[in-house]
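Single-structure report; data block below.
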Amino acid sequence: MDLKELSRDESRGMTLIVKTISRLIMSFVILFGCFIIIYGHITPGGGFAGGIILTIAYVLLLLAFGGKVAMAKLSNFWASMWDNIGALSFVVIGFLGMTGGYFFLNFLDHGSPGHLVSAGMIPLCNIFIALKVGAALYAIFIGLSVYGRIVTEEEK
Amino acid sequence: MLSHTSLYILDMALMGMGVYALIAKRHIIKKIIGVVTMEYAINLFLILVGYRAGGIAPIEDAQISAADLAARAVDPLPQALVLTSIVIGLGTLALMASLAIKLYEKYKTFDMSEINRLRG
Amino acid sequence: MIAIFHVLLFFMIIGSAVAIETKNMLSAVIAVGAVGFGVSLLFLFLGAPDIAITQVIVEILSLIILIRATTFADNRAVERKIDSFATITGLFFLGFFVMATVWAFSDLTPFGEPLMVVSQRYLAGSSAETGAVNVVAGVILDYRAYDTLGEAMVLFTSVLGAFVILRRRGKKPLDEADTEQFGIISD
Numbered sequence: 504m505d506l507k508e509l510s511r512d513e514s515r516g517m518t519l520i521v522k523t524i525s526r527l528i529m530s531f532v533i534l535f536g537c538f539i540i541i542y543g544h545i546t547p548g549g550g551f552a553g554g555i556i557l558t559i560a561y562v563l564l565l566l567a568f569g570g571k572v573a574m575a576k577l578s579n580f581w582a583s584m585w586d587n588i589g590a591l592s593f594v595v596i597g598f599l600g601m602t603g604g605y606f607f608l609n610f611l612d613h614g615s616p617g618h619l620v621s622a623g624m625i626p627l628c629n630i631f632i633a634l635k636v637g638a639a640l641y642a643i644f645i646g647l648s649v650y651g652r653i654v655t656e657e658e659k
Numbered sequence: 618m619l620s621h622t623s624l625y626i627l628d629m630a631l632m633g634m635g636v637y638a639l640i641a642k643r644h645i646i647k648k649i650i651g652v653v654t655m656e657y658a659i660n661l662f663l664i665l666v667g668y669r670a671g672g673i674a675p676i677e678d679a680q681i682s683a684a685d686l687a688a689r690a691v692d693p694l695p696q697a698l699v700l701t702s703i704v705i706g707l708g709t710l711a712l713m714a715s716l717a718i719k720l721y722e723k724y725k726t727f728d729m730s731e732i733n734r735l736r737g
Numbered sequence: 047m048i049a050i051f052h053v054l055l056f057f058m059i060i061g062s063a064v065a066i067e068t069k070n071m072l073s074a075v076i077a078v079g080a081v082g083f084g085v086s087l088l089f090l091f092l093g094a095p096d097i098a099i100t101q102v103i104v105e106i107l108s109l110i111i112l113i114r115a116t117t118f119a120d121n122r123a124v125e126r127k128i129d130s131f132a133t134i135t136g137l138f139f140l141g142f143f144v145m146a147t148v149w150a151f152s153d154l155t156p157f158g159e160p161l162m163v164v165s166q167r168y169l170a171g172s173s174a175e176t177g178a179v180n181v182v183a184g185v186i187l188d189y190r191a192y193d194t195l196g197e198a199m200v201l202f203t204s205v206l207g208a209f210v211i212l213r214r215r216g217k218k219p220l221d222e223a224d225t226e227q228f229g230i231i232s233d
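Residue numbers (this note's numbering), protein chains in the order written: chain S, 504 to 659; chain Z, 618 to 737; chain L, 47 to 233.
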């Protein structure tokens, strides 16, 4: 689905200006979220903040273009699926630590502190936590804005 | 005036505002606002307790070694607990908001005493 | 520095008072947003950049949720008459609460001198034991990963609760209008 064509469509969502700005900004927001997630063990940030930034990118899409376009990009089924994938992978990493002795053991090589590939399982955990938190909050938001809509008298 | 517990007391006054909104207000959204205010106050209190005067953020870099951190940094443990607590707060806020929307849909009002009267 | 903390906390108390007492719900919600950004600024000054970032972003999302829950409704009828008993009770408990905290906090360690018994070990050993230079990331994902697992579970439960409350499917059979109007995919 092409967002550029959709932003010409005045019938749904907000005005052309809002749609164009949010179409241009959304990819940068996603990029910033990925940066926050991947560098979470070196700089401030991490999985929680980065996951919510990813959610905000999709919420921007949802607010500007309306629920149908956002759900075509990432439907509620796939949102709950990413949620499950993130949570299950986190638990699986915890159980893989059992190979070294106990639950959530940091079993990978720690590397040299301060580099991007270091700290063993912590970057992986950050990514899975971000998937989990981001997809869960996006699912809540779909629930609030699409399912939770009040049916007014005119629409009936 | 700026005694060693005055910040704690101001923070608890903020929490008291939340308690007041929860007790005295009848609007459901006002009650939710009260809960959110209480949550801010509690998170802030945990961070205030862990603050070290003139402390730095608990992040190592080229200039600051681990021994430096142990001598100068603020307490990282409340930060880790509050980090999870903030995200949980967002989840519970969404749950409360959806409950409020459903109540409005059923009773066509946000007034708590009105809802009690309509049900009885 | 400590004066800035006091000023910010006064700002937040005034903001929450505006949020609680104003008649217009939209300004109440925006005042709560101002309190949240004040909290985030204070976190930044208190040496906690991780939670400052998280608080800003969570604040944006919760503002959207609260505005979403507020603006469609007719709010004029509420708060027209003041319930005096509830107001007096609330003010009494507010005063009681502040008095109790003044008494209780006299035994707390002074501001700026934390105990840090466990945290000394985390601070000194994080980069050597976990490899993470950000000590907070080391604590939440290595030393205390159980907390994060529990957090994930609580978040999952709240998502489940919101969906169960908000769903329309299951109460009556879906027809064409539901799919058209609300975008509910039939399966």
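In this text, a Cβ means the ideal position worked out from N, Cα and C, and glycines have one as well.
Please tell me whether residue i has its Cβ less than 9 Å away from any Cβ of chain Z.
| i | result |
| --- | --- |
| residue 626(S) | no |
| residue 560(S) | no |
| residue 639(S) | yes |
| residue 647(S) | yes |
| residue 62(L) | yes |
| residue 551(S) | yes |
| residue 133(L) | yes |
| residue 546(S) | yes |
| residue 657(S) | Because residue 657(S) sits at a pLDDT of 46, beneath the cut-off of 50, its placement in the model cannot be relied upon, and the following sentence gives the value as read from the coordinates. By this cut-off, residue 657(S) is not an interface position. |
Could you say which of the options lies nearest to residue i if we only look at CA atoms?
| i | options | result |
| --- | --- | --- |
| residue 576(S) | 549(S), 565(S), 512(S) | 565(S) |
| residue 585(S) | 532(S), 514(S), 640(S), 568(S) | 640(S) |
| residue 195(L) | 595(S), 548(S), 526(S), 567(S) | 595(S) |
| residue 708(Z) | 617(S), 560(S), 642(S) | 642(S) |
| residue 715(Z) | 160(L), 158(L), 113(L), 151(L) | 113(L) |
| residue 582(S) | 597(S), 561(S), 599(S), 532(S) | 561(S) |
| residue 655(Z) | 190(L), 104(L), 59(L) | 59(L) |
| residue 632(S) | 622(S), 607(S), 590(S) | 590(S) |
| residue 606(S) | 536(S), 557(S), 613(S), 597(S) | 597(S) |
| residue 688(Z) | 141(L), 56(L), 163(L), 95(L) | 163(L) |
| residue 177(L) | 535(S), 511(S), 613(S) | 613(S) |
| residue 189(L) | 693(Z), 718(Z), 719(Z), 727(Z) | 693(Z) |
| residue 706(Z) | 104(L), 49(L), 175(L) | 104(L) |
| residue 154(L) | 659(Z), 628(Z), 666(Z) | 666(Z) |
| residue 140(L) | 681(Z), 621(Z), 635(Z), 680(Z) | 635(Z) |
| residue 563(S) | 548(S), 531(S), 549(S), 580(S) | 531(S) |
| residue 599(S) | 580(S), 627(S), 616(S) | 627(S) |
In this structure, what does DSSP give as the bridge partners for residue i?
| i | result |
| --- | --- |
| residue 690(Z) | 673(Z) |
| residue 644(Z) | 728(Z) |
Indicate whether at least one CB of chain L lies closer than 9 Å to the CB of residue i.
| i | result |
| --- | --- |
| residue 632(S) | yes |
| residue 643(S) | yes |
| residue 724(Z) | no |
| residue 586(S) | yes |
| residue 540(S) | no |
| residue 669(Z) | yes |
| residue 627(Z) | yes |
Would you kindly work out how many angstroms separate the C-alpha atoms of residue i and residue j, rounded to a whole number?
| i | j | result |
| --- | --- | --- |
| residue 109(L) | residue 602(S) | 44 Å |
| residue 552(S) | residue 84(L) | 18 Å |
| residue 100(L) | residue 186(L) | 14 Å |
| residue 62(L) | residue 649(Z) | 12 Å |
| residue 554(S) | residue 197(L) | 14 Å |
| residue 518(S) | residue 544(S) | 40 Å |
| residue 76(L) | residue 117(L) | 12 Å |
| residue 533(S) | residue 593(S) | 22 Å |
| residue 90(L) | residue 182(L) | 14 Å |
| residue 82(L) | residue 657(Z) | 7 Å |
| residue 653(Z) | residue 57(L) | 16 Å |
| residue 664(Z) | residue 206(L) | 30 Å |
| residue 683(Z) | residue 78(L) | 38 Å |
| residue 617(S) | residue 179(L) | 6 Å |
| residue 542(S) | residue 645(Z) | 40 Å |
| residue 661(S) | residue 53(L) | For chain S, the structure presents residues 504 to 659; residue 661(S) sits outside this window and is missing. |
| residue 625(Z) | residue 608(S) | 37 Å |
| residue 143(L) | residue 725(Z) | 35 Å |
| residue 515(S) | residue 505(S) | 15 Å |
Does residue i come within less than 9 Å of chain S when only Cβ atoms are used?
| i | result |
| --- | --- |
| residue 708(Z) | yes |
| residue 76(L) | no |
| residue 180(L) | yes |
| residue 168(L) | no |
| residue 678(Z) | yes |
| residue 57(L) | no |
| residue 100(L) | yes |
| residue 718(Z) | yes |
| residue 674(Z) | yes |
| residue 704(Z) | yes |
Which full runs of the alpha helix (DSSP H) of 4+ residues lie inside the stretch 145–215 of chain L, going along the chain? 163–175, 181–184, 191–212
Please list the segments of the alpha helix (DSSP H) lying wholly inside the stretch 532–590 of chain S, counting only runs of 4 or more residues, in order along the chain. Within the stretch 532–590 of chain S, the alpha helix (DSSP H) runs of at least 4 residues that lie entirely inside it are, in chain order, 550–568, 570–576.
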